[in-house]
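Protein chains in written order, with our numbering: chain A, 128 to 582; chain B, 11 to 301.
So this is what it looks like as structure tokens:
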């Protein structure tokens, strides 16, 4: 009788083990579409009790996860977020330098066209007005492009400041999740922690590493630690004293560490690179073009004479330096007000001379830009082509990083994803086992009943 | 490799999205006719197209200058033709007036007629273009080139205009070609003939006859220069038309879509989209739990 009673205990334990399996399968199906969820598996193990059968019990649910794969996904997520943010920012910059109306090279072409037309009728007021109007269009076009580039930079800078705040908040959440995960065996806590780390990766790149002590440490590119177990540092954006643009510092108590140039991933990394390199280079090129336009056209204009025979007047207001030239370029106000001052004639020749007009026209093919190595048109085209090439490369990076991330997502799904068909099969398997055990228990109960009745 | 149902659905959805994007892109290209809508679509092609447009602008500037100059040369040629006719008429009248059969009164009558012709020649020599420039004034184009006595007040400046983006050609005729620098002072000569006839100055008239013959040749030579310049501009214009056609074709090649290729791509992408949708539908049906 004692054996029958122990068999009843075996049956009860077996039913409990199968129910654990049912619970895990049910939980897996319930979370089939939960972002970041790692499926769980329950392993049953037999209980040794020789010479009789000892029964079965369930182990603790195991979270299907691979640390190496998780680290690769973390890196790939940061890279993809960076290339996407970089491509978006470059698209905005491309629109600033080439979208919305005529490009600078087209406005230059129009100015040369009008100078060519005026060379045949240098005293004609309409032809002279047309040259000045084209010069005004060019100057205002360059100014507008400069303003648009500055606005693009301001947008990126605002994103950096806002991103720093979000990153600090995520770092705090990650530290809290880390603490919670350390205190609990609940796999869902680790899923939650990994999800936050992934969001942080999308923002700042870097690496989330789970050390032997089970604690997660979030390290930025360059080595600055943002989260160390339950301790979170802040990411602070402070204005650069020279440029006014945001610089990023990891603030951990009294210790501040500049990570502006170290962050090489995530959308913040993209915006930092975008501001410091691409926008800065584009703005500098535009300034150089504005300066070269002003210098070369003024050189021609100063040397030639207006309808009144007077020389020495500038076409554009002279610029003292390259920096900021694109924002300042403007047609000389006196010339803008009186087209008779337009110097289309050779000095000392009559007003019907067109030497000045020819010299202006010739600037269309002379290498007067970029230190005498390029025409003004080519220098203007170089601004757009630089951005366009970077944009095309960035799109390629998005595709490449997307494929990598997708491949890794496939690997993760292969390991940790929930397959409902599989879970339903498991459910059926556990259910059948449970039902069978119930029948065993029922049979033993019947046997026990018969035995007790016969006593 | 373990592939979950969700992964299959994700893959099918991604495939559909990709094909749909391709269909959208190719449709957009076909409807706009453009393969390159933003510079980053094809930076090299965009730059090549813009560089060609810049050359096109320079060519158009030169073309406009040539067209204006050609019109002006036609006006100049008309003025020179008029002057040439008048010089020939005056030469005829001068030969008549030099005849012994003519008396002082006859010569005075001829003198009055020559005076009138001289005024007409002077008016032609002081002709203006539509924008007010004097055709034969050289660079002093806002000043009347010939005074009432036919003396030239302008200069020898010849206006060169661009005929391509790098070369120029002279396109005006200065009134100095009608002065002693190139033979005889044509208009003062006419005045002199008129005075000789009016004052019955037979020796003076006879002395002017060789000059008149030279003047006829001088004007004719000037006209031939004008004609040569016009012909040169005509050839330039024809060459530029071909060049601009080539440039336009080059721009089209760089940025416009090849309709046949795009239509073929659209057909392929549409078919791929249909197939990927069918696959997605099949996967969803397959994975649906049986009730």
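For every residue, glycine included, the Cβ atom is placed at its ideal position computed from N, Cα and C.
As assigned by DSSP and simplified to three states, the class of residue i
i, result
"residue 175 of chain A", "strand"
"residue 523 of chain A", "helix"
"residue 266 of chain B", "strand"
"residue 507 of chain A", "helix"
"residue 140 of chain B", "coil"
"residue 335 of chain A", "strand"
"residue 43 of chain B", "coil"
"residue 136 of chain A", "helix"
"residue 514 of chain A", "helix"
"residue 301 of chain B", "Per-residue confidence for residue 301 of chain B stands at a pLDDT of 48, beneath the threshold of 50, marking its modelled position as unreliable; the derived number appears in the next sentence. Here residue 301 of chain B sits in coil by DSSP."
"residue 205 of chain A", "helix"
"residue 21 of chain B", "helix"
"residue 272 of chain A", "helix"
"residue 531 of chain A", "helix"
"residue 479 of chain A", "coil"
Bounding residues of the alpha helix (DSSP H) (the contiguous stretch that carries residue i)
i, result
"residue 379 of chain A", "Run containing residue 379 of chain A: none in the alpha helix (DSSP H); it sits in the beta strand (DSSP E), 373 to 379."
"residue 351 of chain A", "No alpha helix (DSSP H) holds residue 351 of chain A; DSSP gives it neither H nor E."
"residue 251 of chain A", "Here residue 251 of chain A belongs to no alpha helix (DSSP H), and DSSP marks it neither H nor E."
"residue 203 of chain B", "196 to 208"
"residue 410 of chain A", "407 to 430"
"residue 564 of chain A", "547 to 581"
"residue 133 of chain B", "114 to 135"
"residue 53 of chain B", "53 to 107"
"residue 490 of chain A", "That residue, residue 490 of chain A, is in no alpha helix (DSSP H); it is neither H nor E in DSSP."
"residue 145 of chain B", "Where residue 145 of chain B is concerned, there is no enclosing alpha helix (DSSP H), given that its DSSP letter is neither H nor E."
Nearest-angstrom Cα separation, counted from residue j out to residue i
i, j, result
"residue 175 of chain A", "residue 182 of chain A", "7 Å"
"residue 170 of chain A", "residue 142 of chain A", "14 Å"
"residue 231 of chain B", "residue 251 of chain B", "30 Å"
"residue 293 of chain A", "residue 362 of chain A", "9 Å"
"residue 193 of chain A", "residue 558 of chain A", "29 Å"
"residue 219 of chain B", "residue 164 of chain B", "26 Å"
"residue 238 of chain A", "residue 60 of chain B", "15 Å"
"residue 500 of chain A", "residue 521 of chain A", "28 Å"
"residue 565 of chain A", "residue 136 of chain A", "12 Å"
"residue 282 of chain A", "residue 367 of chain A", "16 Å"
"residue 156 of chain A", "residue 567 of chain A", "29 Å"
"residue 554 of chain A", "residue 380 of chain A", "51 Å"
"residue 389 of chain A", "residue 327 of chain A", "16 Å"
"residue 571 of chain A", "residue 552 of chain A", "28 Å"
"residue 279 of chain B", "residue 32 of chain B", "6 Å"
"residue 65 of chain B", "residue 236 of chain A", "8 Å"
"residue 292 of chain B", "residue 38 of chain B", "30 Å"
Extent of the continuous beta strand (DSSP E) run through residue i
i, result
"residue 191 of chain B", "Run containing residue 191 of chain B: none; DSSP gives neither H nor E here."
"residue 180 of chain B", "178 to 180"
"residue 385 of chain A", "382 to 385"
"residue 460 of chain A", "Here residue 460 of chain A belongs to no beta strand (DSSP E); instead the alpha helix (DSSP H) covers 460 to 464."
"residue 171 of chain B", "170 to 172"
Environment of residue i [buried if 16+ CB atoms lie within 10 Å]
i, result
"residue 301 of chain B", "Residue confidence is low: residue 301 of chain B scores 48 on pLDDT, short of 50, so the model does not pin down where it sits. No coordinate-derived value is stated."
"residue 447 of chain A", "exposed"
"residue 423 of chain A", "buried"
"residue 569 of chain A", "exposed"
"residue 391 of chain A", "buried"
"residue 176 of chain B", "exposed"
"residue 241 of chain A", "buried"
"residue 253 of chain A", "exposed"
"residue 167 of chain B", "buried"
"residue 283 of chain B", "buried"
"residue 279 of chain A", "buried"
"residue 412 of chain A", "buried"
Strand pairing of residue i, partner residues [DSSP]
i, result
"residue 365 of chain A", "A:374"
"residue 344 of chain A", "A:336, A:355"
"residue 258 of chain A", "Looking at the DSSP assignment, residue 258 of chain A forms no beta bridge with any residue, so it has no partner."
"residue 183 of chain A", "A:173"
"residue 167 of chain A", "A:190"
"residue 496 of chain A", "A:501"
"residue 472 of chain A", "A:432"
"residue 213 of chain A", "Its beta-bridge partners do not exist; DSSP assigns none."
"residue 239 of chain A", "The partner list for residue 239 of chain A (beta bridge, DSSP) is empty, contrary to what the question assumes."
"residue 156 of chain B", "B:162"
"residue 443 of chain A", "A:458"
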